[in-house]
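Residue numbers (my numbering): 860 to 1260.
For glycine and all other residues, C-beta sits at the position ideal for the given N, C-alpha and C.
Since the structure is predicted, the reported quantities are computational estimates derived from the model, not experimental observations.
To start, the structure itself, in structure tokens.
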Amino acid sequence: MNARLQRLLGDNIPYASVFAHGMGQSMVFALLPALGREIGLTEVMIGSIISMSSLVFFIASRAWGRLSDRIGRKPVILIGLWGYSVGTLVFTLLFGLGMHGVLGGTLLYMLIMLTRMAQSVVMSGTAPATSAYIADITTTETRASGMGRLAAASNIGSILGPAVAGTLAVLGLLSPLAFASLITIVAALLIRSHLPDTGARTTRHGPAVKLRLRDPRFRALLLLGMAAFSAFAIVQQTLAFRIQDTLMLDTRATARTYGYTMMILAGASLFSQSLIVQRLKPPPLLLLRIGLPLLMLAFALLTPADTVAAFSLTMALMGFALGLCGPGFNAAVSLAVSASEQGAAAGIATAIPALGFILGPVAGTWLYQYDPHYPYLMTTLMLLPASIGALHMRTHVHTET
């Protein structure tokens, strides 16, 4: 391989991990509500699978982030990718057994939950290690842009995921999950062969430091992130049910329509990251001050939505807002700490969305059982204090990079 191609791969290969992860996760979220109902799971049972796996992800990702400070980013990224691939295959197998009547009831539900939790333990290493890798190779001025590229890669995967899932679903509802496992294997092989390791750089800064969630340098940021990601978790977990019940669709049409709205969301997020985050390079806090009110508006508009067009437009606005909030949040947390703390900080920043997905899916599906509009009214109210708080916030920026 010539030097120019090797350099091109080296510059872009870190994003392969989040691209594969974004594609796989978008397929899972597009298919899980329909698959769950297909094997007899209730909305709350489906939500609890996401919540419990998110709890495990929240706990494990912080540990993986600290470990990447000690052993380097590359080994942790690879462990996460291989764990995701194997876990998805087992996940697919269990749903297949349920759809063919081999397993069912509480036993199947518990096996699916335990499998997803075990998968989350291992796959939670990829995101914090990749974020820390980007922090290693960027400066204070380019940190938000670097995190924006990382989020853009994830969003490209999230755009392609539902499209691929809709195409492969004609072969069966489980075929997209098998494909997601394959894509993750390809990403792992590329990273193993072409990603330079920054282990030597991190070890020069000494042993890994354990950061606390209440660290005054970023605790206010964590509250903003928690509000935004919890609200999004509620929407993501209930929207497929809302689409199916409002439009009276069967399971395959539901998966296809939900996937379509998720593609719009990811595309709008990619647009805002490319147009605003990458080109204009605003400060991270400004991204949050713009993104959070827009996100609140999207939740408010989603409440009365009852057509495909209305769902699509509100998800476009939501995606645009998330495209600002995500890089802004990650960059602000990263800039608040020293170089030796980047892995630990990335672990915390990655854990916050997972923390939102612990309570969000259960709360959302529980509210949905009473009234389909309640989850979206709740998310609107959650974002009001967060939007006001961002306007009055002052962030800490560490001078060492």
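Do you know whose CA, among the options, lies nearest residue i's CA?
| i | options | result |
| --- | --- | --- |
| V903 | P1035, A1205, I1093 | I1093 |
| G931 | L1242, I993, A1127 | I993 |
| P1166 | G1187, T1105, A1024, F888 | Note that residue 1166 is Thr in the sequence shown here, rather than Pro. Here the closest residue by C-alpha is T1105. |
| F1100 | F1170, L1032, A1079, A1087 | F1170 |
| L1145 | F1188, Y1119, Y1117, R1111 | F1188 |
| S1040 | L1134, A1245, W941 | W941 |
| M976 | T965, S913, P1212 | S913 |
| S907 | M969, M958, S920 | M969 |
| V1192 | T1110, S1089, F1077 | F1077 |
| P987 | I918, L1049, M1174, L1030 | I918 |
| A1028 | A889, L1081, Y1229 | A889 |
| M911 | L1243, Y943, Q978, V945 | Q978 |
Taking the C-alpha atoms as reference points, what is the distance between residue i and residue j?
| i | j | result |
| --- | --- | --- |
| L1072 | G1219 | 19 Å |
| L1183 | I1123 | 16 Å |
| Y1235 | S1052 | 45 Å |
| A973 | E1000 | At residue 973 the sequence reads Leu, which differs from the Ala that was named. Those two C-alpha atoms are separated by around 42 Å. |
| A1114 | K1069 | 41 Å |
| L956 | V1196 | 47 Å |
| G1126 | F1038 | 21 Å |
| A849 | I1018 | Residue 849 lies beyond the residue range present for the chain, which begins at 860 and ends at 1260; the question has no answer from this structure. |
| A1190 | T965 | 42 Å |
| M1107 | A893 | 13 Å |
| T1043 | T947 | 10 Å |
| G883 | N1014 | 11 Å |
| S1131 | S920 | 27 Å |
| G1150 | G963 | 43 Å |
| R1063 | I936 | Low local confidence applies: a pLDDT of 45 at R1063 is under 50, so the model's placement there is unreliable, with the coordinate-based value given in what follows. Approximately 20 Å, taken between the alpha carbons. |
| L1054 | P934 | 10 Å |
| A1249 | I1207 | 19 Å |
| A922 | A1203 | 8 Å |
| F950 | T1110 | 19 Å |
| P1143 | V981 | 30 Å |
| R929 | G1025 | 41 Å |
| Q1103 | L1214 | 27 Å |
Cutting at 6 Å between CB atoms, please list the residues of its own chain near residue i, excluding the five before and the five after it.
| i | result |
| --- | --- |
| Q1201 | A991, A994 |
| L1181 | S1128 |
| G1223 | I1093, Q1096, T1097, P1234 |
| G895 | I905 |
| P1021 | S885, A889, G1118, M1121, M1122 |
For residue i, which residues of its own chain have a beta-carbon under 7 Å away from its beta-carbon, when the five flanking residues on both sides are left out?
| i | result |
| --- | --- |
| S1004 | V1136, Q1137, K1140 |
| L1153 | L1176, F1179, A1180 |
| I909 | Q1096, F1216, P1220 |
| S1246 | L1151, P1152, M1155 |
| R1060 | Residue confidence is low: R1060 scores 46 on pLDDT, short of 50, so the model does not pin down where it sits. No coordinate-derived value is stated. |
Following the continuous alpha helix (DSSP H) through residue i, name the residue where it begins and the one where it ends.
| i | result |
| --- | --- |
| H1232 | Here H1232 belongs to no alpha helix (DSSP H), and DSSP marks it neither H nor E. |
| F1100 | 1078-1106 |
| M1177 | 1167-1194 |
| D928 | 902-930 |
| R1051 | 1034-1053 |
| P1143 | 1143-1161 |
| T1026 | 1002-1027 |
| R896 | 873-897 |
| S990 | 985-995 |
| L1129 | 1110-1131 |
| G964 | 964-982 |
Looking only at its chain, what residues have a beta carbon closer than 8 Å to the beta carbon of residue i, apart from the 5 residues adjacent to it on each side?
| i | result |
| --- | --- |
| F1012 | Per the sequence shown, residue 1012 should be read as Ala rather than Phe. Excluding positions up to five away in sequence, the list reads Y874, A875, V877, F878, G881. |
| T1162 | H1232, Y1235, L1236, T1239 |
| L1083 | L1147, L1151, F1188, A1245, G1248, A1249, M1252 |
Is residue i near the ligand FAD, with its Cβ less than 8 Å from a heavy atom?
| i | result |
| --- | --- |
| A1245 | The ligand FAD is not part of this structure, which contains no ligands at all. |
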